[in-house]
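Heads up, the thing below is written out as structure tokens.
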Amino acid sequence: MGFLDISNVIKSYGKVEVLHRVDIAVEEGEFLVLVGPSGCGKSTLLNMIAGLEGITSGDISIKGRVINGVHPSRRNIAMVFQSYALYPNMTVGQNMTFGLEMHGVPKPERDRALAEVAKLLQIDHLLDRKPGQLSGGQRQRVAMGRALVRDPDVFLFDEPLSNLDAKLRVDMRTEIKKLHQKLKTTIVYVTHDQIEAMTLSTRIAVMNKGYVQQLGTPKEIYDTPSNVFVATFMGSPAMNIVPAKVVPVNGAPHAEVSGADGKPVRLKFSQPNLGEWSGKDILLGIRPETITDAEGADRKSTNIVSMKNLAGVTEPAGSDTFVTMTLGGKDIVARMSADCEVRTGQQFDFAVNMEKAVAFDPQTEERIRP
Ligand code: ADP
Ligand code: MG
Numbered sequence: 040m041g042f043l044d045i046s047n048v049i050k051s052y053g054k055v056e057v058l059h060r061v062d063i064a065v066e067e068g069e070f071l072v073l074v075g076p077s078g079c080g081k082s083t084l085l086n087m088i089a090g091l092e093g094i095t096s097g098d099i100s101i102k103g104r105v106i107n108g109v110h111p112s113r114r115n116i117a118m119v120f121q122s123y124a125l126y127p128n129m130t131v132g133q134n135m136t137f138g139l140e141m142h143g144v145p146k147p148e149r150d151r152a153l154a155e156v157a158k159l160l161q162i163d164h165l166l167d168r169k170p171g172q173l174s175g176g177q178r179q180r181v182a183m184g185r186a187l188v189r190d191p192d193v194f195l196f197d198e199p200l201s202n203l204d205a206k207l208r209v210d211m212r213t214e215i216k217k218l219h220q221k222l223k224t225t226i227v228y229v230t231h232d233q234i235e236a237m238t239l240s241t242r243i244a245v246m247n248k249g250y251v252q253q254l255g256t257p258k259e260i261y262d263t264p265s266n267v268f269v270a271t272f273m274g275s276p277a278m279n280i281v282p283a284k285v286v287p288v289n290g291a292p293h294a295e296v297s298g299a300d301g302k303p304v305r306l307k308f309s310q311p312n313l314g315e316w317s318g319k320d321i322l323l324g325i326r327p328e329t330i331t332d333a334e335g336a337d338r339k340s341t342n343i344v345s346m347k348n349l350a351g352v353t354e355p356a357g358s359d360t361f362v363t364m365t366l367g368g369k370d371i372v373a374r375m376s377a378d379c380e381v382r383t384g385q386q387f388d389f390a391v392n393m394e395k396a397v398a399f400d401p402q403t404e405e406r407i408r409p
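In the numbering used here, each residue's number is its place in the sequence shown (first place is 1) plus 39.
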């Protein structure tokens, strides 16, 4: 049993079930990120933890106590919304301590909590201003501060950075991570941004269409995605998925795909049980960064396979160069080093790290496990 337990939780609006049997046990001090496309049910799940939405069936408990029927104000949870929801007529200080006042916390204690959190978030010089006199990033800090002063069991964040510009979003992301490392609080954080999920979380729940598709550490999710949805949602540019056939070469299973000129390319698998798939179609998953030039290939890998193919469009991106090519009839992307000598329209010897390749069942789109 976790610190925060979501057990068999279903949510329906009328006849429509929008969350299907969600089971997540969150440990104390964990940073759990719920990630998925818009409409997949992230906010609904978060709102059920907060008590802002009823639970159709199943249980949510904190420290072993079922909170399904407990009023939001009595759950000892603090929430930071995307919109910040600050009171425009109150000062920053009042916004931050209003909740404590409502809970009957005496003034000296409120002042102490305010001073401590304001210092932590570096907003102590803003306490007398109104929200209208703050920048977006400052408002975001105030919204977090208001949650922090309450010292709750669990923090809930719903897309707290999505109203900030790109640069500020990255800065605040780092700050939230630092804050978590310092305070070791239990956090459930909703975002549609897979990079935020990867960088912030201790574990990620990838959601789609009301289902938790996979629950795991960022590394597990990235390296061993459960299915094609998770594989392509997490990572940018997305994992390349190409139709392939498993063929044995000297007894070892290879992926056979057609190259740009239509000639077959054979890539040796590291996964031995794919031999059972000999003669069958699969979907081959290869991440862009595992297709490089020979010098750029991962030296720790025991299975770098060379692949001659025609380089398509090359896009220098400063630190890397992205190269598109056709493989298995699909446009795929390779992420090469910035100074590699690849030219559009020329044959090139790509190095593919097949140790990192994954294979999916084309029918179910589930990963074929080793
Ligand atoms: P997300 O936060 O992942 O974008 P939501 O949790 O807001 O998704 O929504 C999940 C699904 O539930 C969506 O299909 C949405 O249309 C539906 N939904 C959310 N709130 C309501 C509501 N009050 N009544 C009916 N359907 C709703
Ligand atoms: Mg939402």
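Note that CB positions come from ideal geometry on N, CA and C, so glycine has one too.
Could you give the distance in angstroms between the alpha-carbon of residue i and the alpha-carbon of residue j?
i	j	result
Gly255	Leu173	38 Å
Pro355	Gln177	35 Å
Lys347	Gln386	6 Å
Gly129	Val181	The sequence shown places Met at residue 129, rather than the Gly named in the question. About 12 Å.
Leu337	Pro147	It is worth fixing the name first, because residue 337 is Asp in this sequence and not Leu. Looking at the two C-alpha atoms, the distance is approximately 58 Å.
Thr341	Ala283	22 Å
Asn202	Ser122	8 Å
Leu58	Ser345	45 Å
Thr225	Ile215	12 Å
Val286	Phe272	29 Å
Gly357	Met375	11 Å
Lys169	Asp204	21 Å
Gln179	His164	15 Å
Met118	Lys258	27 Å
Leu187	Asp210	19 Å
Gly68	Met40	14 Å
Arg406	Gly171	50 Å
Leu153	Pro191	15 Å
Gln402	Leu218	44 Å
Ile343	Pro327	14 Å
Met237	Arg212	11 Å
Asp150	Lys223	23 Å
Lys206	Glu235	13 Å
Pro127	Gly175	14 Å
Thr103	Val193	Checking the sequence, you will find Gly at residue 103 rather than Thr. Taking the straight line joining both Cα atoms gives about 14 Å.
Since I believe residue j is in contact with residue i (beta carbons under 8 Å), could you give me their beta-carbon distance rounded to a whole number of angstroms?
i	j	result
Asn86	Ile94	10 Å between Cβ atoms; not a contact.
Gly249	Cys79	7 Å
Ile88	Val227	6 Å
Val48	His231	In fact, because the Cβ distance is near 21 Å, the residues do not count as touching under 8 Å.
Ile45	Ile116	No, Ile45 and Ile116 are not in contact; Cβ-Cβ is about 13 Å, not under 8 Å.
Gly35	Leu366	Outside the shown range of the chain (40 to 409) lies residue 35, about which nothing can therefore be said.
Thr331	Ala294	Wrong, their Cβ atoms sit about 18 Å apart, outside the cutoff.
Going by DSSP, what residues sit across from residue i in a beta bridge?
i	result
Thr365	Asp370
Phe399	Leu322 and Arg406
Phe137	DSSP output for Phe137 lists no bridge partner at all.
Pro303	Ser297
Glu235	Paired residues: none, contrary to the question.
Asp359	Ser376
Gly255	Ile243
Pro287	Pro292
Ala390	Thr331 and Ser345
Arg104	Ile101
Glu56	Ser51
Thr230	Val74
Thr225	Val193
Leu43	Val65 and Ile101
Ala117	Phe194
What do you reckon, are the CB atoms on residue i and residue j nearer than 8 Å?
i	j	result
Val156	Met141	no
Leu239	Phe70	yes
Asp300	Leu349	yes
Ile260	Val72	no
Val391	Leu306	yes
Thr353	Thr383	yes
Val245	Val269	yes
Arg113	Ile101	no
Arg189	Leu200	no
Ser309	Met393	yes
Glu404	Asn247	no
Ile162	Gly138	no
Val251	Ile63	yes
Ser82	Asp197	yes
Gly132	Leu160	no
Pro264	Val105	no
Lys158	Glu92	no
Lys61	Leu43	Reading off the sequence, residue 61 comes out as Val, not Lys. Cβ atoms of Val61 and Leu43: not closer than 8 Å.
Lys16	Thr329	A question about residue 16 goes unanswered here, because the residues of the chain that appear run from 40 up to 409.
At a threshold of 7 Å, does residue i count as lining the ligand SAH (C-beta to nearest heavy atom)?
i	result
Lys81	Summarising the ligand content, the structure contains the ligand ADP and the ligand MG and does not contain the ligand SAH.
Discussion item. Could you check whether the segment 268-279 touches the segment 108-128, counting it as contact only if at least three pairs of C-beta atoms, one from each stretch, sit closer than 8 Å?
Written reply: no
Practice prompt. Decide yes or no for the touch test of the segment 313-321 against the segment 366-384: beta carbon pairs closer than 8 Å, at least 3 of them.
Written response: no
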